[in-house]
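Residue numbers (the working numbering): 260 to 381. Backbone N, C-alpha and C define an ideal beta-carbon position, used for all residues, glycine too. If you're wondering where the values come from, they're calculated on a predicted model, not measured in any experiment. Below is one structure, written out as structure tokens; the observations come after it.
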């Protein structure tokens, strides 16, 4: 698994994590929707990685530790965004719940990747 190809694909899904500035309810909804879509794409990509051979997963993990670390930091910021959404209307609350669910899946997959589980069965 070439290093640049793996990293580039994740960067395509989620450009460099940046703080989300929320000025009003519509901005919050848009931010929640956008981040939820991005994180769900990350989940799909991580699931594909978990289907690969153990040696390929280990190679990916070793080559991408710094990036995964920055991704986890972005997830912490995203969790704050989900809390803001829970205080708004029902649509924002639903978007917040979806983002929180996808964040949890991503973190679980990253933990599995780094702690050497046998992978997912297709």
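> When you compare only the Cα positions, how much space is there between residue 372 and residue 311?
Replying inline: Position 113 of the chain shown, counted from the start, is the residue given in the question as residue 372. Position 52 of the chain shown, counted from the start, is the residue given in the question as residue 311. Residue 372 and residue 311 have their C-alpha atoms roughly 11 Å apart.
> According to the Cβ coordinates, are residue 358 and residue 291 closer than 9 Å?
Replying inline: Your numbering for residue 358 matches position 99 in the chain shown. Your numbering for residue 291 matches position 32 in the chain shown. Closer than 9 Å, so yes.
> With 16 other CB atoms within 10 Å as the buried threshold, where does residue 361 fall?
Replying inline: By one-based count along the chain shown, residue 361 stands at place 102. A residue is called buried once 16 or more other Cβ atoms fall within 10 Å of its Cβ, and residue 361 is buried on that count.
> Which residues bound the alpha helix (DSSP H) around residue 356?
Replying inline: The residue labelled residue 356 in the question sits at position 97 within the chain shown. Element bounds for residue 356: 349 to 373.
> Of all the options 285, 331, 289, 295, which has the alpha carbon lying nearest to the alpha carbon of residue 370?
Replying inline: Translated into positions along the chain shown, residue 370 becomes position 111. That would be 331, whose Cα lies nearest to the Cα of residue 370.
> Which same chain residues, not among the five before or five after residue 344, have their C-beta less than 7 Å away from its C-beta?
Replying inline: By 1-based counting over the chain shown, the position of residue 344 is 85. Sequence-distant Cβ neighbours of residue 344 in its own chain, meaning closer than 7 Å and more than five residues away, are 287, 291, 351, 352, 354, 355.
> By DSSP, does residue 253 sit in helix, in strand, or in coil?
Replying inline: Lying before the first or after the last residue shown, residue 253 is absent from the chain, which here runs from 260 to 381.
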